[in-house]
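Visitor:
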Ligand code: DGT
Ligand code: CA
Ligand code: CA
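Residue numbers (my numbering): 2 to 574.
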């Protein structure tokens, strides 16, 4: 079982216990355990199976939790969770996701009205039954109705590329209004998560009605779902929903900080405020009723004794400790990227020629690229055998003569076959300037086989990098079962680079594993895997993921100048 799956069981256990009215310390312990597991690079299954390791050495995991985790690893199930599931239907859990509907209210709706699905809840709100309940009222029923829409929308998370493009376009449009002095995206989109549940946009405007009208009229907006004095929720044609909040200038930084999240990061910020006799909310920083700060995020962080923290790091994964010690990394930026080491041409499944790709890369300011078409195993993409590959490399040499100011490497994206051998011989691979080895087929093989394949590739002296290591497609295809501890150690030992594939549907390595790779001193390459001349636009998503992993220029091989990158290549061959 993968960490993420185990974490989800504990998360659910916490939620169900909370609805049951269990002790809040117990609930929190399960949630903390879930987060610890989720944020770990190392497989918890391996720790359980290792005779020399103890689960209780992990932060937040005591004896009781350790025993439960062992049961999950051994049986795939959590007996206590099964018992609770038998008494609390899944639809009740879903109700917890409605903003403003806590466990007590959810429990009341379930026990007193027998509501156990969102559909029932919607009907009960509309019929007035919810409003009549003690402690609810008309306003709460209305809030719940809006919240149901929110939950339904958040179930459909969209890729960061779709979310951020829509958001940027709308932000740019709202900025045109003379009465608007600031507009920004907050939420998961600003943190550059790989998917977004909804978009959160904040604005400072003299006339909030005017901004909301402008948003309602935007061509990307399909429908206005709700509108209040200073807040509007709309659904975009891309299906994602967006909240626009108009805030006063003195609250702008506080609102940005609050709505950027993450929730886990903000919990720690609020606690630090309390320790200093302050209160932080979306309106500002307060001492009693007195406003102390809130116009900028810097002010908010300063009030709790911290420097400003880049949004991509705000996940409570150690960034607050780093900030406190003045050790926040200077994160990599898109402008730092000098080369792109993974792309395709018409020789296989790309749509542009070698020269067209080189020209497009040069226009983007890149100084070097590697052309890495598919090897023969990828027959449906017309993959190259040794003869065609050598011919393709001759064409690369021709292209070199036709363009200056950019280096073109003779590369190959070589499949690691199901039997762990490489798709092309060492002889031809040794003639390449750059070899990325990848898994495309047999991703569902058992861990042992997957690992044998990856390790074989890493040990091959002709392999420079492993591309999109897990093979996952965000939200649609699960990752191969990789033992990351072993995989990363092998890459570090052999000086093999690992890719963050910037294609928004891959983003592979993910943020957790890229951070673990950094910790071992592994060089990361952020590649677009472009199949067309506009593919380089994806660089920004790969850099976003790298920033979430805390990567700096020094961690990213293709932020080096061409001479320095060349030195790195020759040093490892
Ligand atoms: P998403 O939309 O699911 O991709 O993720 P976020 O992080 O954008 O979450 P969202 O849209 O529900 O809320 C935006 C931010 O607002 C969130 O990261 C933190 C803050 N926030 C929202 N609701 C709550 C809450 O109930 N408690 C706290 N502490 N913060 C909240
Ligand atoms: Ca959001
Ligand atoms: Ca939101």
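Where is the CB? At the ideal position from N, CA and C, for every residue including glycine.
Less than 8 angstroms separating the beta-carbons of residue 28 and residue 49?
Guide: No; because the gap between Cβ atoms is not below 8 angstroms, this pair is not in contact.
Visitor: Just the Cα atoms here: how many angstroms apart are residue 232 and residue 65?
Guide: Residue 232 and residue 65: Cα-Cα distance of roughly 45 angstroms.
Visitor: Are residue 77 and residue 2 close, meaning C-beta to C-beta below 8 angstroms?
Guide: In this structure, residue 2 lies closer than 8 angstroms to residue 77 by Cβ.
Visitor: CB-CB under 8 angstroms to residue 378, same chain, minus the five flanking residues each way: which ones, in chain order?
Guide: The residues are 384, 416, 418, 424, 441 and 442.
Visitor: Counting beta carbon pairs with one atom in the region 178-189 and one in the region 542-557, are three or more of them shorter than 8 angstroms?
Guide: No: fewer than three Cβ pairs fall under 8 angstroms.
Visitor: Please determine, among 297, 250, 312 and 237, the residue with the shortest C-alpha to C-alpha distance to residue 264.
Guide: Closest by alpha carbon: 312.
Visitor: From the DSSP output, in three-state form, read off residue 581 for me.
Guide: Here the chain covers residues 2 to 574 and nothing more, so residue 581 does not appear.
Visitor: Output the distance between the C-alpha atoms of residue 462 and residue 570, rounded to the nearest integer angstrom.
Guide: Roughly 12 angstroms between the two C-alpha positions.
Visitor: What do you get for residue 252, buried or exposed, if any count of 16 or more other CB atoms within 10 angstroms of its CB means buried?
Guide: So residue 252 counts as buried.
Visitor: Consider the C-beta atom of residue 321 and the heavy atoms of ligand 1; say whether any pair is separated by less than 7 angstroms.
Guide: No - ligand 1 has no heavy atom lying nearer than 7 angstroms to the Cβ of residue 321.
Visitor: Between 536, 389, 520 and 496, which lies nearest to residue 502 when the distance is taken from Cα to Cα?
Guide: Ranking 536, 389, 520 and 496 by Cα distance to residue 502 puts 536 first.
Visitor: Following the continuous alpha helix (DSSP H) through residue 20, name the residue where it begins and the one where it ends.
Guide: Residue 20 -> alpha helix (DSSP H) spans 4-21.
Visitor: Which runs of the alpha helix (DSSP H) spanning at least 4 residues fall entirely within the region 216-282, listed in chain order?
Guide: Listed in chain order, they are 253-261 and 264-276.
Visitor: If you draw a straight line from the alpha carbon of residue 374 to that of residue 126, how long is it in whole angstroms?
Guide: Near 57 angstroms, if we compare the C-alpha coordinates of residue 126 and residue 374.
Visitor: Between the region 188-208 and the region 300-317, are three or more C-beta pairs nearer than 8 angstroms?
Guide: The region 188-208 vs the region 300-317: in contact.
Visitor: Name, in chain order, the residues that DSSP records as bridge partners for residue 435.
Guide: Per DSSP, 412.
Visitor: Over what stretch of residues does the alpha helix (DSSP H) that includes residue 111 continue unbroken?
Guide: Here the alpha helix (DSSP H) through residue 111 covers 104-114.
Visitor: Residue range of the alpha helix (DSSP H) that residue 186 falls in?
Guide: Premise fails: residue 186 lies in the beta strand (DSSP E), 181-186, not in any alpha helix (DSSP H).
Visitor: Three-state secondary structure (DSSP) at residue 399?
Guide: Helix.
Visitor: With burial defined as no fewer than 16 other Cβ atoms inside 10 Å of the residue's Cβ, what is the status of residue 336: buried or exposed?
Guide: Flag for residue 336 reads exposed.
Visitor: Any contact between the region 538-549 and the region 523-530? By contact I mean 3 or more CB pairs, one from each, below 8 angstroms.
Guide: The region 538-549 vs the region 523-530: in contact.
Visitor: Are there 16 or more other CB atoms within 10 angstroms of the CB of residue 318, so buried, or fewer, so exposed?
Guide: Buried: at least 16 other Cβ atoms inside 10 Å.
Visitor: Could you give the residue range of the beta strand (DSSP E) that holds residue 291?
Guide: Taken as a continuous stretch (DSSP letters only), the beta strand (DSSP E) holding residue 291 covers 291-294.
Visitor: Counting only runs of 4+ residues fully inside the region 82-166, write out the alpha helix (DSSP H) ranges in chain order.
Guide: Qualifying alpha helix (DSSP H) stretches, in chain order: 91-96, 104-114, 119-127, 130-133 and 138-155.
Visitor: When every heavy atom of ligand 2 is checked, does at least one fall within less than 7 angstroms of the C-beta of residue 148?
Guide: No, the Cβ of residue 148 stays beyond 7 angstroms of every heavy atom of ligand 2.
Visitor: Can you give the beta carbon distance from residue 221 to residue 237, rounded, assuming they're within the 8 angstroms contact cut?
Guide: That belief holds up - the Cβ atoms of residue 221 and residue 237 are roughly 5 angstroms apart, short of 8 angstroms.
Visitor: Taking residue 459 as part of the alpha helix (DSSP H), name the residues at either end of that continuous run.
Guide: Here the alpha helix (DSSP H) through residue 459 covers 448-460.
Visitor: Is residue 260 near ligand 1, with its Cβ less than 7 angstroms from a heavy atom?
Guide: Yes, ligand 1 has a heavy atom inside 7 angstroms of this Cβ.
Visitor: Quick check: what's the CA-CA separation for residue 372 versus residue 452?
Guide: Distance between the alpha carbons of residue 372 and residue 452 is about 27 angstroms.
Visitor: Just list the residues that DSSP pairs residue 542 with in beta bridges.
Guide: Its beta-bridge partners do not exist; DSSP assigns none.
Visitor: Can you tell which of 52, 44, 51 and 8 has the C-alpha that lies nearest to the C-alpha of residue 32?
Guide: Ranking the options by Cα distance to residue 32, first place goes to 8.
Visitor: What span of residues does the alpha helix (DSSP H) with residue 201 cover, start to end?
Guide: From DSSP, residue 201 is part of no alpha helix (DSSP H) but of the beta strand (DSSP E) over 200-206.
Visitor: Can you check which of these residues, 241, 559, 151 and 136, is closest to residue 340 by C-alpha distance?
Guide: Measuring from the Cα of residue 340, the nearest candidate turns out to be 559.
Visitor: What did DSSP end up calling residue 495 once you bin it into helix, strand or coil?
Guide: DSSP places residue 495 in helix when its eight states are reduced to three.
Visitor: Could you tell me whether any non-hydrogen atom of ligand 1 is closer than 7 angstroms to the CB of residue 254?
Guide: Outside the cutoff, so no.
Visitor: Should residue 456 and residue 480 be called a contact, given that it needs their Cβ atoms to be closer than 8 angstroms?
Guide: No; because the gap between Cβ atoms is not below 8 angstroms, this pair is not in contact.
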